[in-house]
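Colleague:
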DNA sequence: GGTATATTAGCCAATATTAGACAAGTCAAT
DNA sequence: ATTGACTTGTCTAATATTGGCTAATATACC
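Protein chains in written order, with this note's numbering: chain A, 237 to 336; chain B, 237 to 336.
(1) Helix, strand or coil for residue 315 of chain B? Go by DSSP, reduced to three states.
(2) Give the single residue among A:305, A:320 and A:270 whose Cα lies nearest to the Cα of residue 328 of chain B.
(3) What is the residue span of the alpha helix (DSSP H) that residue 276 of chain B lies within?
(4) At the level of alpha carbons, what is the spacing between residue 281 of chain B and residue 252 of chain A?
(5) Let's test the definition: count the other Cβ atoms within 10 Å of the Cβ of residue 316 of chain A and tell me whether it reaches 16, buried, or not, exposed.
(6) Does the stretch 293-300 of chain A touch the stretch 329-336 of chain A, meaning 3 or more C-beta pairs lie closer than 8 Å?
(7) Span of the alpha helix (DSSP H) holding residue 266 of chain A?
(8) With three or more beta-carbon pairs closer than 8 Å as the criterion, would you say the stretch 251-271 of chain B touches the stretch 283-290 of chain B?
(9) What did DSSP end up calling residue 330 of chain B once you bin it into helix, strand or coil?
(10) What does residue 317 of chain B reach in chain A if we use C-beta pairs closer than 7 Å?
(11) How is residue 336 of chain A classed by DSSP in three states: helix, strand or coil?
(12) For chain A, check one thing: does any of its Cβ atoms lie closer than 8 Å to the Cβ of residue 307 of chain B?
(13) Just reading off the alpha helix (DSSP H) that residue 250 of chain A is part of, what are its end residues?
(14) Smallest Cα separation from residue 269 of chain B: which of B:323, B:324, B:313 and B:242?
(15) What number of angstroms, rounded off, separates the C-alpha of residue 288 of chain A from the C-alpha of residue 276 of chain B?
(16) From residue 255 of chain B to residue 309 of chain B, what distance separates their C-alpha atoms?
(17) Are residue 259 of chain A and residue 246 of chain A closer than 8 Å when you measure CB to CB?
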């Protein structure tokens, strides 16, 4: 399991019985790129998330959450202090939210 | 508050009554760079964290945690789904840890 | 076996991001 | 006005990421 986002969109695509070659052009990319995105070897652009959510009839928020989570995971995945770092980051986010 | 790591090392440096020009060469950089790192405008290299921890007589783990947290924060700081993403990432980390 | 379709891997060029080096700047103290 | 500490801006070089193409692989069907 290397990319929760990638796995999710692959699953969704398969449920819709769509091929890479059908979906890729809607995102203005070739099938090889989309394949890599599904395998977590490439990142989908942030602004394309709503588009693919629409194509795959999925929740944009859910996909965005997975997309962000993948990036957080990439930062800490090999770190023994991963959990501590996550806690600290979370605290800072919440401080920020309170101010807004 | 833009970089918890930067703020921390600045504070530590001031406690030790050290100047940028004294610390920077030990990290093989110039004062301008270190200044930027303290202000969160540049990233210290991961492998330099133990070195600066040593110079500033601080806990390498603590500094590493802040350094990682800054990077997580950078990913999600403007995201409304920040907390959800953090939860998902954390879950995945814990799954991974359990496997090891 | 041979063919067709879907996906993936590998490579290279283009682009974007980050770092490093240096000069010039501010600010405070004297 | 000079000095010392730090900051800012800019330019270039190094690094990383992306996009696009082509070839390889896998699977199914005849």
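Every residue, glycine too, gets a C-beta built ideally from N, C-alpha and C.
Modeller: Taking the geometry as given:
(1) For the purposes of this step, residue 315 of chain B is identified with residue 79 of the second chain, where counting begins at 1. Secondary structure at residue 315 of chain B: coil, using DSSP grouped into helix, strand and coil.
(2) For the purposes of this step, residue 328 of chain B is identified with residue 92 of the second chain, where counting begins at 1. Ranking A:305, A:320 and A:270 by Cα distance to residue 328 of chain B puts A:305 first.
(3) The residue you call residue 276 of chain B lines up with position 40 of the second chain. From DSSP, residue 276 of chain B is part of no alpha helix (DSSP H); its letter is neither H nor E.
(4) For the purposes of this step, residue 281 of chain B is taken as the residue at position 45 of the second chain. For the purposes of this step, residue 252 of chain A is taken as the residue at position 16 of the first chain. Residue 281 of chain B and residue 252 of chain A: Cα-Cα distance of roughly 44 Å.
(5) Here the question's residue 316 of chain A lines up with position 80 in the first chain. Flag for residue 316 of chain A reads exposed.
(6) no
(7) Residue numbering aside, residue 266 of chain A sits at position 30 when the first chain is read from its first letter. Looking at the DSSP string, residue 266 of chain A is not in any alpha helix (DSSP H), and its letter there is neither H nor E.
(8) yes
(9) Working through the second chain from its first residue, we reach residue 330 of chain B at position 94. In this structure, residue 330 of chain B counts as helix in the three-state DSSP scheme.
(10) On the second chain, position 81 is the one that residue 317 of chain B refers to. The answer, in chain order, is 297, 300, 301 and 304.
(11) Mapped onto the first chain, residue 336 of chain A falls at position 100. The answer is coil: DSSP assigns residue 336 of chain A none of H, G, I, E or B.
(12) Your numbering for residue 307 of chain B matches position 71 in the second chain. Closer than 8 Å: yes.
(13) Along the first chain, one-based indexing puts residue 250 of chain A at 14. Membership of residue 250 of chain A in the alpha helix (DSSP H) is indicated by the continuous run 240-251.
(14) Numbered from 1 along the second chain, position 33 holds the residue referred to as residue 269 of chain B. Ranking B:323, B:324, B:313 and B:242 by Cα distance to residue 269 of chain B puts B:242 first.
(15) Translated into positions along the first chain, residue 288 of chain A becomes position 52. Translated into positions along the second chain, residue 276 of chain B becomes position 40. If you take the alpha carbons of residue 288 of chain A and residue 276 of chain B, they lie about 34 Å apart.
(16) As a first step, residue 255 of chain B must be located in the second chain, where it is residue number 19. As a first step, residue 309 of chain B must be located in the second chain, where it is residue number 73. Roughly 28 Å separates the two Cα atoms.
(17) Taking the first chain and counting its residues from 1, the one referred to as residue 259 of chain A is at position 23. Taking the first chain and counting its residues from 1, the one referred to as residue 246 of chain A is at position 10. No; because the gap between Cβ atoms is not below 8 Å, this pair is not in contact.
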